[in-house]
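For what it's worth, our numbering labels the leading residue of the sequence shown as 160, then goes sequentially.
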Amino acid sequence: QVQLVESGGGLVQPGGSLRLSCAASGSAFRVYNMGWYRQAPGKQRELVAAITSGGSTNYADSVKDRFTISRDNAKNTVYLQMNSLKPEDTAVYYCRGSLFREYWGQGTQVTVSS
Numbered sequence: 160q161v162q163l164v165e166s167g168g169g170l171v172q173p174g175g176s177l178r179l180s181c182a183a184s185g186s187a188f189r190v191y192n193m194g195w196y197r198q199a200p201g202k203q204r205e206l207v208a209a210i211t212s213g214g215s216t217n218y219a220d221s222v223k224d225r226f227t228i229s230r231d232n233a234k235n236t237v238y239l240q241m242n243s244l245k246p247e248d249t250a251v252y253y254c255r256g257s258l259f260r261e262y263w264g265q266g267t268q269v270t271v272s273s
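Quick look at the structure:
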């Protein structure tokens, strides 16, 4: 069983930055593919960014050149650096880990507003 715990959300003004963290339990983190998803009110959950166990990344078009996903296997943690935030980035952000099954964190709220 893998547990994922997100942190780093909050209220930020448009144009600001936040860094989300997702800490994973267990010793097999390095072989997991990890991702960040978000869900805004009334919308479906969508992929924001993903990173494979080998370090390959992909991003939603809406966040390319603004967000960066990274991982630190020594710390069992995946990060999402979010820059140039926009009001439309407001959502609950979830961490997902997958290998033979998927695991989800509880989510962290990100609100972009002046």
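Quick reminder that beta carbons are idealized off the backbone N, C-alpha and C, glycines included.
Just so it is clear, the structure is predicted and the values come from calculations on it, not from any experiment.
Given residue i as reference, the closest of the options once Cα atoms are compared
i: T267; options: K223, T249, F259 and M193; result: T249
i: F259; options: G214, D220 and N192; result: N192
i: G167; options: C181, N242 and G174; result: C181
i: R230; options: S212, V269 and L163; result: S212
i: L239; options: K245, V251, F226 and P246; result: F226
i: N242; options: Y252, E165, G175 and S184; result: G175
i: V271; options: Q162, Q172 and L163; result: Q172
Under the three-state DSSP convention, the category residue i falls into
i: N242; result: coil
i: A183; result: strand
i: N217; result: strand
Where the beta strand (DSSP E) through residue i begins and ends
i: R255; result: A250 to S257
i: Q198; result: N192 to Q198
i: A209; result: E205 to I210
i: F188; result: Neither: F188 is in no beta strand (DSSP E) and is coded neither H nor E.
CB-CB length for residue i against residue j, believed under 8 Å
i: L179; j: W195; result: 7 Å
i: E165; j: G256; result: The Cβ separation is near 12 Å, so there is no contact.
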